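Residue numbers (the numbering used here): 156 to 551.
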Ligand SMILES: *Cc1c(COP(=O)(O)O)cnc(C)c1O
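This is how it looks when you write it as structure tokens:
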């Protein structure tokens, strides 16, 4: 049975009424027959049937034992860090999601948890950076926004040999393309705000663990700290997941065409997309995932802030916004948006050029998307010429 069929078939029909859509249990508590005698639920922070259904679906999708749904991706990351103790260290991918960087360094460092950042796209770097205090290795693959790829299976072996947990933030790939637990990771997490939800209409996060015991620990932390996903948002994520395979397949097809087009345009300098043969870890991406995802980044030959701002304000179908993974195409300028708080030199060193533009390629007809990018690139060149033309007489 194909993955898509298996997924759609696994979404349960309501045993009480036969409703084909998962019911939304909008309740805070559950009536008990006698103290402690209930139908599996007592208080809705601890468990809610709608959320529980989502948790089962995502655990199955990621090939894990326990799924836990949170109020945001960052709440999911927060619960994982709480598995650690003061004095422990995290080894994290250097091109990490900005919110995870902020959480690790500005919240958890003051509780005595240290973070070391390395370029995990070379497994040797991971091996060399591990210390006896390293308890958690944190990967994103592909990363944001330079689409770096790390070899999950090789890093899992290093993690195991050193007795530390491996967590993969699988937001960019989605379980439709990549299942880190099957490659040896212990934990996988998602910002379900992105491809799992898929429609830019909610904020949510999920954690899935390979082992039951570790999952129970994360569940305990969630119940103790309270960062749960609401019933309606759980339902929205379930509805999003129903079309995950179909959407992701088309995101990949569209992104490949867009990336190949960008490579041919004279205004474009570098194109970052794991599906291009020019990507340094194209072979690893091909080995560990079923496709290359819907995110494409590129820099301009005119590597300036102004040129990038020209481009991102000229596109019509690609809407200028943070976030990704939805049906509608989005464009963002990391140097001015998501990565603005990172010091300029540090940002450039991490490969985020001033002119780097990130596209979340949506589900519009790909010819229309390419035409939109082409007209915006042409206008960017044209406007620059006009500006230069105007400034020449002034300088004379
Ligand atoms: C968006 C995102 C997050 C954070 O998720 P929220 O749902 O916004 O809290 C974490 N990791 C990655 C890779 C993301 O893109």
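Glycine residues also receive a C-beta, built at the ideal position from the N, C-alpha and C atoms. If you're wondering where the values come from, they're calculated on a predicted model, not measured in any experiment.
Residue i versus residue j - alpha carbon distance
i           : j           : result
residue 439 : residue 304 : 7 angstroms
residue 251 : residue 201 : 31 angstroms
residue 376 : residue 267 : 19 angstroms
residue 457 : residue 179 : 51 angstroms
residue 425 : residue 413 : 13 angstroms
residue 547 : residue 496 : Confidence at residue 547 is low in this model, with a pLDDT of 48, below 50, so its placement is unreliable and no value can be given for it.
residue 321 : residue 335 : 9 angstroms
residue 226 : residue 528 : 35 angstroms
residue 196 : residue 205 : 11 angstroms
residue 161 : residue 444 : 19 angstroms
residue 397 : residue 537 : 44 angstroms
residue 378 : residue 384 : 12 angstroms
residue 311 : residue 339 : 5 angstroms
residue 419 : residue 279 : 34 angstroms
residue 357 : residue 231 : 15 angstroms
residue 344 : residue 238 : 14 angstroms
residue 277 : residue 372 : 31 angstroms
residue 192 : residue 185 : 11 angstroms
Residue i, enclosing alpha helix (DSSP H) - first and last residue
i           : result
residue 158 : 158 to 165
residue 280 : 278 to 284
residue 271 : Unbroken run through residue 271 is the beta strand (DSSP E), 269 to 273; no alpha helix (DSSP H).
residue 615 : Residue 615 lies beyond the stretch modelled for the chain, which goes from 156 to 551, so this question has no answer here.
residue 347 : Residue 347 -> no alpha helix (DSSP H), and no H or E assigned at all.
residue 502 : 499 to 504
Cutoff 9 angstroms: residue i Cβ touching any chain B Cβ
i           : result
residue 228 : The question asks about chain B, but that chain is absent: this structure has only one protein chain.
Outcome for residue i when other beta-carbon atoms lying within 10 angstroms are tallied against a minimum of 16
i           : result
residue 210 : buried
residue 306 : buried
residue 299 : buried
residue 156 : exposed
residue 549 : Caution is warranted here: a pLDDT of 44 is assigned to residue 549, below 50, making its placement in the model unreliable, and the coordinate value is therefore given only provisionally. Label assigned to residue 549: exposed.
residue 174 : exposed
residue 551 : Note that residue 551 scores a pLDDT of 42, beneath 50, so its modelled location is shaky and nothing firm can be said.
Residue interval of the beta strand (DSSP E) (run including residue i)
i           : result
residue 322 : 320 to 324
Heavy atom of ligand 2 within 8 angstroms of residue i beta-carbon
i           : result
residue 387 : This structure lacks ligand 2; the ligands present are ligand 1.
Own chain residues within Cβ distance below 7 angstroms of residue i, not counting five before or after
i           : result
residue 524 : 409, 413, 472, 484 and 516
residue 337 : 218
residue 533 : none
residue 182 : 199
residue 393 : 166, 177, 208, 209 and 212
residue 489 : 300, 507, 511 and 513
residue 220 : 214, 364, 365, 366, 367 and 370
residue 163 : 397
Beta-carbon separation (whole angstroms), residue i vs residue j, contact threshold 8 angstroms
i           : j           : result
residue 362 : residue 223 : 5 angstroms
residue 554 : residue 494 : No statement about residue 554 is possible, as the shown extent of the chain runs from 156 to 551 and does not include it.
residue 513 : residue 452 : 5 angstroms
residue 360 : residue 228 : 4 angstroms
residue 406 : residue 448 : 7 angstroms
residue 466 : residue 382 : Actually they do not touch by this definition, with Cβ atoms about 37 angstroms apart.
residue 328 : residue 287 : 31 angstroms between Cβ atoms; not a contact.
residue 455 : residue 423 : 6 angstroms
Spatial neighbours of residue i in its chain, beta-carbon cut-off 6 angstroms, leaving aside the 5 residues before and after
i           : result
residue 416 : 525
residue 216 : 330
residue 293 : 245, 247 and 322
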